[in-house]
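Following: one structure in structure tokens, then a few remarks.
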Amino acid sequence: MTASTRAVELATVAARAAEDKIAESVVALDVSGQMPLTDIFVIVSADNERQVASIVDAVEDALRDVGAKRLRREGARESRWVLLDFGDVVVHVQHEEERAYYELERLWRDCPVLDLQTGSPAAGAPDETTDPS
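Under the numbering used here, the first residue of the sequence shown carries the number 811, and numbering increases by one thereafter.
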């Protein structure tokens with residue numbers, strides 16, 4: 811199973827909004843084959859809580875502008891790891907320390923990394939047919 815075209819579009823908008831706020835290590839994972847509730851995780855990190863909050867605001871504004879409705883937001887009060895659920899896309903904005911500790915990319919390593927320029931698995935990224943072990 812692969813992520814829907816709409817999910818790729820939303821993930822691209824979210825990633826660009828995060829990058830505009832100087833987010834670091836922006837990664838999009840196609841989790842559609844593993845998760846029945848969402849297609850893509852966008853994972854980004856920031857140096858401090860203020861930057862996390864700024865990225866969250868920018869992502870929410872950008873996705874709202876393209877008609878996406880946020881279903882849930884968790885962690886905004888602490889601004890260490892904020893989860894934004896837009897249905898087809900879930901955006902994780904993490905402080906660098908949380909990202910290093912929880913290692914979401916490692917946890918979801920069996921899922922393809924998306925190249926948001928093409929909507930396809932990134933070159934050299936694992937996909938469903940590759941054993942990353």
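Glycine included, C-beta positions come from ideal geometry on N, C-alpha and C.
All values reported here derive from a predicted model rather than from experimental measurement.
For this session: Go through the segment 881-939 residue by residue and report every complete run of the alpha helix (DSSP H) that reaches 4 residues or more, in order.
Result: Listed in chain order, the complete alpha helix (DSSP H) runs (minimum 4 residues) inside the segment 881-939 are 906-912, 914-917.
For this session: Determine the extent of the beta strand (DSSP E) in which residue 840 is found, giving its start and end residues.
Result: By 1-based counting over the sequence shown, the position of residue 840 is 30. Counting along the chain, the beta strand (DSSP E) containing residue 840 begins and ends at 834-840.
Exercise. Which same chain residues, not among the five before or five after residue 908, have their C-beta less than 7 Å away from its C-beta?
Worked result: For the purposes of this step, residue 908 is identified with residue 98 of the sequence shown, where counting begins at 1. Once the five neighbours on either side are set aside, the close Cβ partners of residue 908 are 890, 891.
For this session: Over the uninterrupted beta strand (DSSP E) stretch that includes residue 862, give me the two end residues.
Result: By one-based count along the sequence shown, residue 862 stands at place 52. Note, residue 862: premise wrong, no beta strand (DSSP E); alpha helix (DSSP H) at 859-875.
For this session: Pick helix, strand or coil for residue 856, following the three-state DSSP scheme.
Result: Residue numbering aside, residue 856 sits at position 46 when the sequence shown is read from its first letter. Reduced to three states, the DSSP call for residue 856 is strand.
Exercise. Which residues mark the beginning and the end of the alpha helix (DSSP H) in which residue 815 is found?
Worked result: Taking the sequence shown and counting its residues from 1, one reaches residue 815 at position 5. Unbroken alpha helix (DSSP H) run through residue 815: 815-830.
Problem set entry | Proximal residues to residue 812 (C-beta, below 7 Å), its chain only, five neighbours per side dropped | Position 2 of the sequence shown holds residue 812. Same-chain partners within the cutoff: 840, 842.
Problem set entry | Cβ neighbours of residue 870 in the same chain (closer than 7 Å, five flanking residues each side left out) | Counting from 1 along the sequence shown, the entry for residue 870 is found at position 60. Closer than 7 Å at Cβ, skipping near neighbours: 880, 894.
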